[in-house]
Amino acid sequence: MGVPKKRTSRQKRDQRRAHWKATAPNVGACPKCGEPILPHRACPKCGEYQGRAVIEGKED
Amino acid sequence: MSRHLNAGRKLGRNTGHRKALLRNLIRSVILSESIRTTTAKAKETRRVVEKLVTKARVGTLAARRLVHRTVRDQAALAKLFDTIAPRFKERPGGYTRVIHLQNRPGDNAPMAILEFVERTPKGEEPKESGEEKKKAAGKKPAEKKPAKKAKAAEGGGDQGAGETAEKKPAKQKKAKKEKPEGEGEK
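Order-wise, the sequence lines are chains A and B.
Per the working numbering, the first sequence starts with residue 6, numbered consecutively.
Per the working numbering, the second sequence starts with residue 283, numbered consecutively.
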């Protein structure tokens with residue numbers, strides 16, 4: 006079986022890991038209350054989605 | 283192995299557990315018209331509920347017996363046939379909708395609301411929510427105490443608490459869930 010001849014140097018290891026990046030979530034703003042919301046989800050603050058109140062007792 | 287032709291989710295349960303869970307969820311949707319669960323459970327429940335409504339629309343005794351195989355609860359069965367099915371007389375399927383919510387704190391599970399497209403007070407969305415608010419306000423003092431007891435004992439309480447308690451072990455839900463469900467129920 007193939008085995009590495011040399012230990013990977015810190016530089017090479019870190020260069021490889023330099024491409025591991027977190028992606029930012031795709032955040033939009035609620036059209037009603039302006040709260041940041043995730044796409045395709047009801048607004049957690051005002052409970053509105055596509056112009057309708059979805060979660061009871063959450064309207065502003 | 284590819285999972286071609288394998289429709290549906292297993293929800294991490296064996297057959298009996300899954301069937302029982304879905305029956306409970308179905309009963310809840312019919313009785314409360316709107317329930318909050320994980321997205322996977324909502325979508326899985328939707329598969330069954332849609333078919334049940336389609337059968338209920340026929341309205342014959344035979345259809346009723348067919349539906350009764352899944353909906354064992356008489357109150358739910360009656361409501362499905364007498365109030366829900368007539369509401370969708372003209373609708374060719376698509377009786378329910380799933381609205382995605384924020385992920386649940388704790389386990390980050392994607393949550394959703396599963397509800398009938400047409401709710402009890404027809405075409406009165408703002409009034410509807412107002413009414414629900416009033417109902418909720420009226421019920422809270424009455425229901426909070428039994429619900430809390432049910433939490434502690436994980437057993438029966440009043441009708442609403444009893445139902446949520448019996449569902450909880452399967453759904454791994456805690457107190458947060460109890461309130462919206464209890465409110466929608468009566």
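Backbone N, C-alpha and C fix where the C-beta goes; we use that ideal spot for every residue, glycine too.
For clarity, every value in this text was computed on a predicted model and none was experimentally measured.
Residue i (DSSP reduced to helix, strand or coil)
i	result
His45 (chain A)	coil
Asn385 (chain B)	strand
Glu397 (chain B)	strand
Thr320 (chain B)	strand
Val497 (chain B)	The question about residue 497 (chain B) has no answer, for chain B in this structure spans 283 to 468.
Gly376 (chain B)	coil
Arg57 (chain A)	strand
Ala357 (chain B)	helix
Ala338 (chain B)	helix
Ala289 (chain B)	coil
Lys392 (chain B)	Before going on, a small fix: residue 392 (chain B) reads as Pro here, not Lys. In this structure, Pro392 (chain B) counts as strand in the three-state DSSP scheme.
Ala34 (chain A)	strand
Arg351 (chain B)	coil
C-alpha distance - residue i paired with residue j, whole-angstrom precision
i	j	result
Met393 (chain B)	His382 (chain B)	6 Å
Ile395 (chain B)	Lys292 (chain B)	20 Å
Thr321 (chain B)	Lys10 (chain A)	49 Å
Val330 (chain B)	His299 (chain B)	16 Å
Ala391 (chain B)	Thr342 (chain B)	40 Å
Lys26 (chain A)	Arg309 (chain B)	45 Å
Pro30 (chain A)	Gln356 (chain B)	46 Å
Contact check, residue i vs residue j, beta carbons under 9 Å
i	j	result
Ala360 (chain B)	Arg339 (chain B)	no
Leu303 (chain B)	Lys333 (chain B)	no
Pro41 (chain A)	Cys35 (chain A)	yes
Problem - Residues from the segment 382-394 of chain B in contact with chain A, defined by Cβ distance under 7 Å - result: His382, Leu383 and Gln384
Problem - Residues within the segment 28-51 of chain A neighbouring chain B, beta-carbon criterion of under 8 Å - result: Leu43, His45, Arg46, Ala47 and Pro49
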